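> Please read through the structure below; I'll follow up with questions.
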């Protein structure tokens, strides 16, 4: 029996991302023109910026129930992690990660396909699940594996 298609989950993820935008119609228009949509952070989530390769490796170290959307850009060698809006200081001691303040603009491709080398390494699934900052910090910290304390 073939595996279920990821398309319905991607569509739900795209609908969720649209719901996070102050102007969903402008986001849709940008995507229809094959342009990045400009979505400000703060109201629904913050963004942590980190090196792309380390980020891809970290996605395999974070349990699925603590992993949220991750956007990657191969041309800039960077990834952006979507975090809870109250996570601003939780990653201050991890030097490879910079948490952008509320109001910072994330240039997003659609969830359904990549655009100019930018794609959803871990796409939104429509549930609103965001990456747990403690798990992200542990995945980037010494040893690169979350400790039992990171899971509460």
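In our numbering, the protein residues as written are -8 to 143.
Glycine included, C-beta positions come from ideal geometry on N, C-alpha and C.
Source: prediction; values computed, not measured.
1) Which of the three DSSP states, helix, strand or coil, is assigned to residue 56?
2) Can you check DSSP and say which residues form a bridge with residue 62?
3) Opposite residue 11 in the DSSP bridges: which residues?
4) Less than 6 angstroms between C-beta atoms, sequence neighbours within five positions excluded: which residues of the same chain meet that for residue 65?
5) On the three-state DSSP scale, how would you describe residue 29?
6) Is residue 40 helix, strand or coil by DSSP?
7) Do you know how far the Cα of residue 71 is from the Cα of residue 11?
8) Could you check the C-alpha separation between residue 21 and residue 73 for me, to the nearest Å?
According to the data block:
1) As a position in the chain shown, residue 56 is number 65, starting the count at 1. Helix.
2) Within the chain shown, numbered from 1, the residue matching residue 62 stands at position 71. DSSP lists 71, 111 as partners of residue 62.
3) Walking along the chain shown from the start, residue 11 turns up at place 20. Answer is none; residue 11 lacks a bridge partner.
4) Along the chain shown, read from residue 1 onward, the residue named residue 65 stands at position 74. So the list reads 108, once near-sequence residues are dropped.
5) Taking the chain shown and counting its residues from 1, one reaches residue 29 at position 38. Residue 29 falls in the strand class under three-state DSSP.
6) Here residue 40 corresponds to residue number 49 of the chain shown, with the count starting at 1. Strand at residue 40.
7) Taking the first residue of the chain shown as position 1, residue 11 is located at position 20. Taking the first residue of the chain shown as position 1, residue 71 is located at position 80. Answer to the nearest angstrom: the Cα atoms are 16 angstroms apart.
8) Counted from its first residue, the chain shown places residue 21 at position 30. Counted from its first residue, the chain shown places residue 73 at position 82. Roughly 21 angstroms between the two C-alpha positions.
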